[in-house]
Structures are given as structure tokens and as C-alpha cells.
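Novice:
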Amino acid sequence: MFHATLGRWFFVGWGKLRYLWAALLGAAVLAVGQAKAETAPYAIVKNHTEVELSEGGAYAETRELAYKILNERGAQGLRQVTLSYTQGYQTYTVSSAYTLKADGTRIPVNRSSLLMGTGASTAVGFDDLKTITVVFPSLEVGDQIVLTTVFHQTVPWFGDGYAEEFPLSRSVTSSDVQFAVTAPSSVPLQIDAVGLAPPNVQQLSGKVRRTWTFSNPTAVIPESDNTDEFDGGPRLVVSSFRDYSSFARTYAQMLKGRAEPTAEIRALADKLTAGMKDDRQKAQALYDWVSEHIAYVNIVLGAGGFVPHYAKDVLATRYGDCKDHVILLEALLAAKGIDSSPVLINANRRYALSSAPDPAGFNHLITYVPSMNLYLDSTARYAPFGVLPNSDADKPVVRVANADTARTPVTTGSSLKSVETVTIDAEGSADGHSQIVATGAVATDMRAMLDLAQTQGDTQFIRTILGPGVDGSLQRGPTGKPTSSYTFSAQIKSSGALNIPGPGAMPYALAFKPFSITLLLAGGFPAARTRDYTCPSIEMEEDMTIALPANLSILSMPASETLTTEGITLKTTYEQPNARSLHARLYAIAQHPAATCTPAYYARTRGTLAKMVAALKSQILYR
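Shown next as C-alpha cells:
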């Protein structure tokens, strides 16, 4: 609710953070996803926002905020609040700030203690953000932070256009929320107001003032795997752009001339495509080079959050963010006569556009090649040509060159297969070998996950999935140009994996497997859903063979079964070929027409999903 989070947005290449979906496949993250939802850390007692818009797109915004601290997490999070702005384009001042104690005592923030700083980004890169940090004294649970700020956008980011979104949440109680926007009568505004009271409209002298109110007396516990709260409302977006095409044309002017192929760019394009006749083959060679040779560095200087560097400069420095990747790739493609377009997209969990043109709805830039109807994301360095990462799939986009809106394709062809062999010795220790084959978009995630594992070491990474007392190593696949499939393996040794002589139940994971069929089929598996949620389409298989010691006997095995519901099938098979071996195969496939599913779909399928979850929890008993 502060400008630290919503006043300054910019396009990012997303770097390795875009691959955190891969980490969700790990058992450690699965445990976090199933943790009980925590209560909100604060309640909004007051949020009065007043915007005064000028004809040229500049505006002033005053905010009066009062947040009540509900628990220690809230106290820790709001004890200091950092506001950010860009010098030369914006100004920010703190009019008043104090802690309001539960007994009504006010403890003012000492203005001399306001911390002025630079840089609000923790990503690798450069930015010129200025910061103001407000530290609230003696803040405890039950107190309030009270803050009044004045923000000016002195130089508009996009020509003379104004657009702003005001985030609202149902997961936080709100009792007095008001947004007022005053604009010249000559400036028509597009409004997208969902879940707010109808506006109060006042005709002033040459101006129109619109006021919306919102309240949320009861907090709604967030649901696992849900889409961004913006998608289903409540929300308020106010924009002076007539439509997304109008905004795209404005943005295209800001990019004009930056993708011009220079002699150096043409020479490089010729070298990379020498002997190639097919345009798709040429496009792949150029994409591969940009993906591999242009390091990702986030650069936000002045309007650099929105405007890329010139392609010739990106080539010279060999680094840049998503905008720079797109502009250089556009120049290289143009050098070979292949048209392309920058594409505005949101790389988070937003799957819908506001009906009011909303530049803040985008935080990433990728490439579209119309002659091949192909989207490319060269900042996704683990993604092969023609494969979009899951974060870019089934998303609404604005294609800048033609000023039109479209949607990226749904992920298809993703699969994970783990073939595991485990040997149990007479003391119950286990030696396991796993070979994992991933295809499609999930192969991109697996490459990223293996790269991430190197930062903490193989054994520690494996222990985050299998638990303490496990030693192991990973054998990574080729690290060259990504292909549509990826194969790697793991070797582990686990002391005391089984309690022999028993009796006991074999643990779910005797060998390394970097994904959870349960998680990918059912997510957090809440009792009910009220909002759309992400539901990946993927094929998964775990094939495990276990060699048993002579002093161990199998008491019982789960029954083999097949369960099917709308778009989802699970097949489990358990066999004991002989007294000294076991074979288990778990196969599941989820096929969804979109990247998200509805609450109604979840309600129809949850009964069968419950049976699937139970089947996946079935255990082999031994003595």
C-alpha cells in the first residue's frame, strides 16, 4: 500500500527468480505450501488517497495511512517503512509520521531520524531510486503506525498519459479506504473499479472529482496456488489511455530507433547464420546467442525502467535487462529480414488485464516473431528456442509493433520421469540411484534448479528434499545450449532409512526425486476454493525398483488402482516379482485447457483428487 511497492514499477528480466517454480517441486517447499495460513499481520484503519491530475500527465498524490499491528510479524514488518522515488521524475515528502499507542498516546517520528538513501533493488544491477526510511518508535502489537505522505510525478513516464492502479486485498481487514481522483474535464478517464462502492462524482470548475470507497470487515484467508488477487478483484485502475493500443503506440515511440541494425550488428547476424537458408533456423541461432552471451543485469536509471538502451550499446557492453535483450534480438532479426515485436507481459501470477489500460499490469518484456507465430524470452537462459517458461505461458500480452493484444500459448508437452533403483542392506541403510528426464517447459525449471543447487552444494540440496542423514551427489546433464529435454541423475546414501527389524512402513522417498506428484496434481489441496488457481498441465512418472535384504519381509502392499477425473488420471502399480525385490510405478497426467482452473472445477474434481492424494500416501509395510 506504499509507494515503495506500487509507485515505482519497471520491466525486469526476472533473472533466476523467475525459476522459483522449479523449487516448488521440492519436498521442502511442499511442506511450506501445506503450512497453515497465518492471520494478517495488520489491519487498515485508514487509507485516504487523493490524486490531483494535470493535463500533461503529471500528478500529485497525498496519502493518509493508519495501520493497526495485529501480531509480532506485523510489528517486525512495519517498524520501518521505506518509500522510493526517482529523482528528476518524482518527489516524495513525509508530512507527518507517528506511532499511535493502544492507549491513545502519540509518539512522533523524529524527522531528523528519517533515513535518506539510494537504491531499492536487491537484484544484480544498477538503479537510481532514492529512498526515505521511516522508523516508528516503540511500536508494539495493538499499536498503529500513522503516516501522511505527498508524492509528485513531475515528469510522466509515458508521454502525457496517466495510469495508476490502487491495490486492494481481501486478506486484510479494511475499515476506511477512500480513493479520490480529480482530473481536468478535458482528460477522459478509463475506470476499472471492481468490488468498490459506486463513485461519487462531483463537477468542479473545469474539473471532475471521482471518489470511491472500499471496506473489508472480514479478512479472507489466502488460498494456496491462487492467482494474483488483482485478477479476481477487488481493484481500482484509473487511466487516461483510451485503450491498450493507444498505450502501445505511445510506448512504441519511446522505443523508436533503438533496434536499428548497425554494421556491427549486421556482421554478427551474418556470422551467426552463415550457410542457413531457413528463417526459423536463423532465428534460433540469433536467439541462442543473445540468451547465452548477454548477461542479465537490471538497469533502472531515470526512465531506464521502461526504455531499453540502443541495441548497439547492448552489444558493446554484453549485458542488459529484459528490455535490452528484446531490443538487441529485434535488431539481429531485422538484420536478417525477420520482423519481430517487443511484447509486454506480466511474469507474476497475473492472468488477466484490467479493462482500463494499465501499464502497471506489465513487469516484463519478451519477443514475438509474427511470421512464425512464436514468442521468445531470451532472458530465460535455461529455456530452449520455442519453449516459453511457465511464468510466461497463457498470459495476456500487448504486442507493441502492431499495437494489439493477444495471449501467449498454454504450456504443452511438459513431462517428468524418474527411474529409481534402491538397494536396502541388512541394517536398513539405502543406496539409491535416480535418473530424471524432463521435457518441455519443466525441463527449463529443472536446469534452473540444478544450477541453484550448486550454490548450496549437492548434499545440502538433497537433504532439503530427503531430510537429514542423507549424503548424495548430482550428475548434471550438458550445460550447453538448452534443448527441449534434459536428463540428469542423482546418487544418494541414507543411513537408517528403514527401521530393521521393524515392523515399519517404507518412507515415501527412498531415492532422490525433485518433484511431487501430489503437489502438481492437487496443489495445497484446500477444503474449498473461491478463486482461480494455477493448475499445471504435465505428465509425471515415478518408476522405482527396490532390492530387499534377506532379513526383511513384505507384510502388505497398496492395491494397484486407476483414478480419473476431468483432465487428470492417476495410475498406481505395485508388484513383488520375487521375495527380494519390489517394483512400484506411479503415473499421472494432468491436461488443462488453460494455465488456471476455476473454483467450480475444483469443487467437481476434489472428491477424486482426495482419493488420488490418499493413494499417493499409501505405504508398503515390512518386517
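In the numbering used here, the protein residues as written are 24 to 646. Don't be surprised by glycine CBs; every beta carbon is placed ideally from N, CA and C.
(1) Ordered along the chain, which non-local residues of its own chain (more than five positions away) have a Cβ less than 6 Å from that of T205?
(2) Going by CA-CA distance only, name the one from P491, A528, V460, A532 that's closest to S499.
(3) Within its chain, find whatever has a CB closer than 6 Å to the CB of M21; leave out the 5 residues flanking it on each side and keep chain order.
(4) Helix, strand or coil, according to DSSP, for R289 in the structure here?
(5) Does the beta-carbon distance from G63 to V195 come in below 9 Å?
(6) Between T444, D417, I485, Y374, which lies nearest to L571 when the distance is taken from Cα to Cα?
(7) Let's test the definition: count the other Cβ atoms within 10 Å of the Cβ of Q614 and tell me whether it reaches 16, buried, or not, exposed.
(8) Helix, strand or coil for G527? Go by DSSP, reduced to three states.
(9) Identify, in the order they occur along the chain, each residue of the same chain with its Cβ nearer than 8 Å to the Cβ of A638, setting aside the five sequence neighbours on each side.
(10) Among the residues of its own chain, which have a CB less than 6 Å from the CB of H26, if the five just before and after it don't count?
(11) For the pair the region 311–319 and the region 237–254, tell me if three or more CB-CB distances fall below 8 Å.
(12) Kindly provide the ranges of any alpha helix (DSSP H) runs that are 4 or more residues long and lie completely inside the region 295–382, ordered along the chain.
(13) When you compare each of P616, I67, G184 to D166 by their alpha carbons, which one comes out closest?
(14) Tell me which residues share the same chain as T568 and place their Cβ nearer than 6 Å to its Cβ, disregarding the 5 neighbours each side in the sequence.
(15) Between which two residues does the alpha helix (DSSP H) containing V636 stretch?
(16) What are the boundary residues of the alpha helix (DSSP H) that A275 is part of?
(17) Helix, strand or coil for A406, going by three-state DSSP, please let me know.
(18) I485 by DSSP, collapsed to three states: which one?
(19) Pairs of beta-carbons, one from the region 246–264 and one from the region 538–557, closer than 8 Å: are there three or more?
(20) Mind the definition here: the region 330–343 touches the region 282–295 only if three or more C-beta pairs lie below 8 Å; say whether that holds.
(21) Given this structure, state the Cα-to-Cα distance separating D468 from I368, to the nearest angstrom.
(22) Does V420 pass the burial test, meaning 16 or more other C-beta atoms within 10 Å, or should it be called exposed?
(23) Determine the contact status of A13 and T72, defining contact as a CB-CB distance below 9 Å.
(24) Sorted by chain position, which residues of the same chain lie with C-beta nearer than 8 Å to K504's C-beta, five sequence neighbours on each side aside?
(25) For S208 and L351, I'd like the C-alpha separation in whole angstroms.
(26) Could you give the distance in angstroms between the alpha-carbon of G525 and the alpha-carbon of S452?
(27) Excluding the 5 residues flanking R303 on each side, which residues of the same chain have their C-beta closer than 7 Å to its C-beta?
(28) Going by DSSP in three states, F174 sits in which element: helix, strand or coil?
(29) Determine, using beta carbons only, whether V392 and D427 come nearer to each other than 9 Å.
(30) So, are the CB atoms of S401 and V349 less than 9 Å apart?
(31) In three-state terms, what does DSSP make of F202?
(32) Alpha carbon to alpha carbon, how far is A573 from L644? Give it in angstroms, no decimals.
(33) Excluding the five sequence neighbours on either side, which residues of its own chain have a C-beta within less than 6 Å of the C-beta of T510, listed in chain order?
(34) Going by DSSP in three states, R646 sits in which element: helix, strand or coil?
(35) What separation, rounded to the nearest whole angstrom, lies between the Cα atoms of M563 and L543?
(36) Over the uninterrupted beta strand (DSSP E) stretch that includes E564, give me the two end residues.
Specialist: In terms of the structure at hand:
(1) In the sequence shown, the residue the question calls residue 205 occupies position 182. Same-chain partners within the cutoff: E75, K230, R232.
(2) Along the sequence shown, one-based indexing puts residue 499 at 476. Note on identity: in this sequence residue 499 is Arg, with Ser being the wrong assignment. With distances taken between Cα atoms, R499 lies closest to V460.
(3) No information on residue 21 is available, as it lies outside the stretch 24 to 646 that the chain covers here.
(4) Within the sequence shown, residue 289 is the residue found at index 266, counting from 1. Looking at R289 - three-state DSSP - the assignment turns out to be helix.
(5) As a first step, residue 63 must be located in the sequence shown, where it is residue number 40. As a first step, residue 195 must be located in the sequence shown, where it is residue number 172. A small fix is needed here, since residue 63 is Ala in this sequence, not Gly. Contact: yes.
(6) Locating residue 571 in the sequence shown gives position 548, counting from the first residue. The alpha carbon of L571 has as its nearest neighbour, out of T444, D417, I485, Y374, the alpha carbon of T444.
(7) Stepping through the sequence shown from its first residue, residue 614 is reached at position 591. It is exposed - the Cβ of Q614 has fewer than 16 other Cβ atoms within 10 Å.
(8) For the purposes of this step, residue 527 is identified with residue 504 of the sequence shown, where counting begins at 1. Strand at G527.
(9) Translated into positions along the sequence shown, residue 638 becomes position 615. These residues qualify, in order along the chain: P581, E584, L586, L593, T595.
(10) Residue mapping note: residue 26 aligns to position 3 of the sequence shown, counting from 1. Any reading at H26 needs caution, since the residue's pLDDT is 33, under 50, leaving its predicted position unreliable; the model's value is listed next. Within the same chain, H26 has close Cβ partners L106, F174.
(11) Counting Cβ pairs under 8 Å, fewer than three are found: no touch.
(12) 302–316, 334–340, 345–358
(13) As a position in the sequence shown, residue 166 is number 143, starting the count at 1. When each option's Cα is compared against that of D166, the closest is I67.
(14) For this step, residue 568 is matched to residue 545 along the sequence shown. Counting only Cβ-Cβ distances below 6 Å, and skipping sequence neighbours, we find T444, H606.
(15) Position 613 of the sequence shown holds residue 636. Residues 622–640.
(16) Counting from one through the sequence shown, the residue named residue 275 turns up at place 252. 267–278 is the span of the alpha helix (DSSP H), which, as asked, contains A275.
(17) Translated into positions along the sequence shown, residue 406 becomes position 383. A406: coil per DSSP, three-state reduction.
(18) Mapped onto the sequence shown, residue 485 falls at position 462. DSSP, read as helix, strand or coil, puts I485 in helix.
(19) yes
(20) Result yes; three or more Cβ-Cβ pairs closer than 8 Å.
(21) Within the sequence shown, residue 468 is the residue found at index 445, counting from 1. Within the sequence shown, residue 368 is the residue found at index 345, counting from 1. Rounded to the nearest angstrom, the two C-alpha atoms are 19 Å apart.
(22) Within the sequence shown, residue 420 is the residue found at index 397, counting from 1. So V420 ends up on the buried side.
(23) Outside the modelled stretch of the chain, which goes from 24 to 646, sits residue 13, for which no answer is possible.
(24) Within the sequence shown, numbered from 1, the residue matching residue 504 stands at position 481. The answer, listed in chain order, is D311, E315, P407.
(25) As a working mapping, residue 208 is identified with position 185 in the sequence shown. As a working mapping, residue 351 is identified with position 328 in the sequence shown. Distance between the alpha carbons of S208 and L351: 42 Å.
(26) Along the sequence shown, one-based indexing puts residue 525 at 502. Along the sequence shown, one-based indexing puts residue 452 at 429. Using only the alpha carbons, I get a separation of about 13 Å.
(27) Taking the sequence shown and counting its residues from 1, the one referred to as residue 303 is at position 280. M395.
(28) Counting from one through the sequence shown, the residue named residue 174 turns up at place 151. In the structure shown, F174 adopts extended strand secondary structure according to DSSP, grouped into three states.
(29) For the purposes of this step, residue 392 is taken as residue 369 along the sequence shown, with counting starting at 1. For the purposes of this step, residue 427 is taken as residue 404 along the sequence shown, with counting starting at 1. Contact flag unset, no.
(30) As a working mapping, residue 401 is identified with position 378 in the sequence shown. As a working mapping, residue 349 is identified with position 326 in the sequence shown. At a Cβ-Cβ threshold of 9 Å, S401 and V349 count as neighbours.
(31) Locating residue 202 in the sequence shown gives position 179, where the first residue counts as 1. Of the three classes helix, strand and coil, the one that applies to F202 here is strand, per DSSP.
(32) Along the sequence shown, one-based indexing puts residue 644 at 621. Along the sequence shown, one-based indexing puts residue 573 at 550. Distance between the alpha carbons of L644 and A573 is about 16 Å.
(33) Translated into positions along the sequence shown, residue 510 becomes position 487. These residues qualify, in order along the chain: V460, G500.
(34) The residue labelled residue 646 in the question sits at position 623 within the sequence shown. Three-state DSSP puts R646 in coil, outside helix and strand.
(35) As a working mapping, residue 563 is identified with position 540 in the sequence shown. As a working mapping, residue 543 is identified with position 520 in the sequence shown. Looking at the two C-alpha atoms, the distance is approximately 9 Å.
(36) As a first step, residue 564 is located in the sequence shown; it is residue number 541 there, counting from the start. Residue range 561–570 is occupied by the beta strand (DSSP E) that includes E564.
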